[in-house]
Each structure stands twice: as C-alpha cells, then as structure tokens.
Amino acid sequence: MPDYQAFRVELTDKIATVTINRPEKRNAMNSAFWSEIIEIFDWVDRTDEVRVVVLAGAGEHFSSGIDLGLLAQAANLVGKDVGRSAEALRRKILELQASFNAVDRCRKPVLAAIQGYCLGGAIDLIAACDMRYATRDAQFSIKEIDMGMAADVGTLQRLPRIIGDGMMRELAFTGRHVHGDEAQRIGLVNRVWDTQAQLLEGVMQLAAEIAAKSPIAIRGTKEMIRYMRDHRVDDGLEYIATWNAAMLQSSDLRIAMAAHMSKQKPEFAD
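Each residue of the sequence shown is one higher than the last, beginning at 1 in UniProt numbering.
This is the structure we're talking about:
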C-alpha cells in the first residue's frame with residue numbers, strides 16, 4: 001500500500017478502511033486530499049479483494065471541509081480578464097467534483113463513519129457515499145452559504161435524494177448545524193452511536209456483513225440503485241433484465257442457493 005499525505009488506507013478481511021489522516025488540521029481537505037482520493041478509489045475499484053469501503057476521519061473530527069489554503073489558491077486564479085478567470089475557476093471546480101465522483105461511481109459500497117465536525121466539503125463527500133453513520137455529537141453543516149458561495153462539489157445535487165428537497169433547502173440556505181439525532185431523523189445518517197469507538201465497531205460489523213455477500217450481487221445492486229437516480233422506472237427494469245441475463249449465470253447464485261438450503265454460510269470468490 002503506498003503512503004499518502006492526506007489518508008491512511010488499510011485492507012483487512014475484504015474491508016478497505018480509508019481514513020482522512022490530518023487530525024491536527026481537523027482533517028481539512030488540502031490539495032493532496034483531492035488527488036489522492038481519486039487514486040485510492042481507483043485502487044478500490046480495481047482490487048477484487050476489496051468488497052466494501054469504510055470511510056472515516058482520524059482524531060476527534062471527520063472533516064472540517066475544504067482547507068482554507070486551497071481556497072486562497074483558487075482566489076489566485078482570478079485575473080483581470082473575466083472570461084479567462086471564469087474558465088480557470090470552472091476547470092478547478094470540475095477537478096474537485098471529479099474527486100467525489102470517484103467515490104460515487106465506485107462499484108463497491110462505501111460506508112461513512114462520522115464523528116465531530118462534518119462541514120462544508122465534508123457534506124459533499126458523505127453525500128457521494130452509499131450509507132452514512134454518526135456519533136450523537138457529530139455536527140453537520142452546509143457551511144458554504146456562510147462563506148458567500150453556493151456549494152459546488154455535489155451537495156446540492158446529491159443531498160435532495162437523501163434527505164428530501166425541502167430539508168436540503170433549509171440546511172443550504174441557513175448553514176445551521178445538525179447533530180447526530182436530528183441527522184438520523186431527517187435521513188442524513190442511518191444510525192447513531194454514543195461514542196466514536198461504538199460507531200466504528202458498528203460500522204465495521206455492517207461492512208463485514210456486506211463483505212460476506214456475493215460481490216456480483218452487491219455490484220449489480222449498487223449499479224441499479226445508482227442508475228435509477230437519473231432514469232425512469234421502465235429504463236431501470238430494462239437495464240436490470242439485460243444485466244441479470246448475464247449475472248444470473250454466475251456461480252454465486254448456485255453457491256447462495258446451496259448454502260441457503262443447507263443452512264451453511266456461503267463462501268464467494270472475489
């Protein structure tokens with residue numbers, strides 16, 4: 001496993017734990033973060049041994065969002081010519097979007113384990129994950145509004161499908177903080193725990209349960225869920241029919257059926 005500046009990556013029992021590792025900076029997202037996350041999730045996607053990902057933050061906080069130093073660099077892209085400045089800024093924003101698109105498009109399920117601050121760009125990140133879990137004292141905020149800008153790396157596009165349009169608008173327009181229990185109530189997170197240790201233990205148990213399933217079935221399920229965000233029901237039914245025409249021929253189906261009938265735990269190939 002290569003060394004990363006902004007992350008720590010471990011692979012154990014089919015579970016890749018990807019930890020934002022800048023605790024002294026409240027895991028703020030510096031320039032290395034944005035490039036390394038693409039590299040990491042490309043590795044996750046290509047590595048058959050990885051069945052599921054747990055995304056976490058080292059220390060007391062998940063992430064305080066984009067590093068202010070990186071925002072200062074973006075300000076340097078602004079010159080005298082409006083057209084050229086806009087083109088440079090647009091290119092930079094699209095680069096940042098690509099980092100979280102890599103998480104969203106990953107074929108493996110991604111579970112976010114959130115404690116402490118989850119602010120600004122961190123909301124964009126967790127919105128690109130499959131499921132989110134938190135401690136009760138976790139603090140969520142679409143902070144961009146208080147910085148005089150609209151969130152531009154995925155929050156406004158993905159969050160309405162997670163918590164609903166009206167609640168997303170309230171949080172985006174006010175920037176107010178949401179704690180763990182409310183986050184669960186509005187559907188931002190699936191479950192909350194009292195402590196970070198309990199959170200990580202609980203999320204790892206869920207990850208292990210997913211990792212024990214057929215990887216063919218898991219990938220097909222994620223692909224269909226993702227596809228349906230942007231398509232009609234008829235399109236989705238047509239797609240799953242074509243997809244499963246191939247995937248139902250996998251040995252995983254026979255293994256799962258045999259295990260079910262014999263009440264044994266199935267073992268699937270990577």
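Where is the CB? At the ideal position from N, CA and C, for every residue including glycine.
Residue range of the beta strand (DSSP E) that includes residue i
{"i": "G57", "result": "V52 to G57"}
{"i": "F173", "result": "From DSSP, F173 is part of no beta strand (DSSP E) but of the alpha helix (DSSP H) over D165 to T174."}
{"i": "V9", "result": "F7 to T12"}
{"i": "Y133", "result": "M131 to T135"}
Buried/exposed call for residue i, threshold 16 Cβ in 10 Å
{"i": "A6", "result": "buried"}
{"i": "V54", "result": "buried"}
{"i": "S99", "result": "buried"}
{"i": "F41", "result": "buried"}
{"i": "A86", "result": "exposed"}
{"i": "G164", "result": "exposed"}
{"i": "Q73", "result": "exposed"}
{"i": "H61", "result": "buried"}
Nearest-angstrom Cβ-Cβ length linking residue i and residue j, presumed shorter than 8 Å
{"i": "V123", "j": "A112", "result": "The residue asked about is misnamed: residue 123 is Ile in this sequence, not Val. Their Cβ separation, rounded to whole angstroms, is 11 Å, which puts I123 and A112 out of contact at 8 Å."}
{"i": "I37", "j": "A102", "result": "6 Å"}
{"i": "V44", "j": "K14", "result": "Between K14 and V44 the Cβ distance is about 12 Å, and since that is not below 8 Å, they are no contact."}
{"i": "K222", "j": "D130", "result": "7 Å"}
{"i": "S114", "j": "Y133", "result": "As written in the sequence, residue 114 is Ile, which differs from the Ser given in the question. So it is a contact: roughly 7 Å between Cβ atoms."}
{"i": "L96", "j": "W34", "result": "6 Å"}
First through last residue of the alpha helix (DSSP H) which encompasses residue i
{"i": "E239", "result": "It should be pointed out that residue 239 corresponds to Tyr in this sequence rather than to Glu. Run containing Y239: V233 to M247, per the alpha helix (DSSP H) assignment."}
{"i": "I20", "result": "It is not in any alpha helix (DSSP H) - I20 instead sits in the beta strand (DSSP E) that spans I15 to I20."}
{"i": "V40", "result": "The residue you asked about is not Val; residue 40 is Ile in the sequence shown. I40 -> alpha helix (DSSP H) spans S31 to R46."}
{"i": "R254", "result": "S251 to S262"}
Exercise. Are at least three pairs of beta-carbons, each pair with one atom in the region 218-234 and one in the region 102-112, less than 8 Å apart?
Worked result: yes
Problem set entry | Any alpha helix (DSSP H) of 4 or more consecutive residues that is wholly inside the region 71-124 | 82-104
Exercise. Do the region 174-187 and the region 124-144 meet, that is, are 3 or more Cβ pairs less than 8 Å apart?
Worked result: In this structure the region 174-187 touches the region 124-144; the number of beta carbon pairs closer than 8 Å is three or more.
Problem set entry | the region 230-239 contacting the region 251-270, beta-carbon criterion three pairs below 8 Å | At 8 Å Cβ cutoff, the stretches do not touch.
Exercise. Do three or more CB pairs link the region 247-264 to the region 186-199 at distances below 8 Å?
Worked result: no
Exercise. Enumerated in chain order, which unbroken segments of the beta strand (DSSP E) with a length of 3 residues or greater are wholly contained in the region 142-224?
Worked result: 191-193
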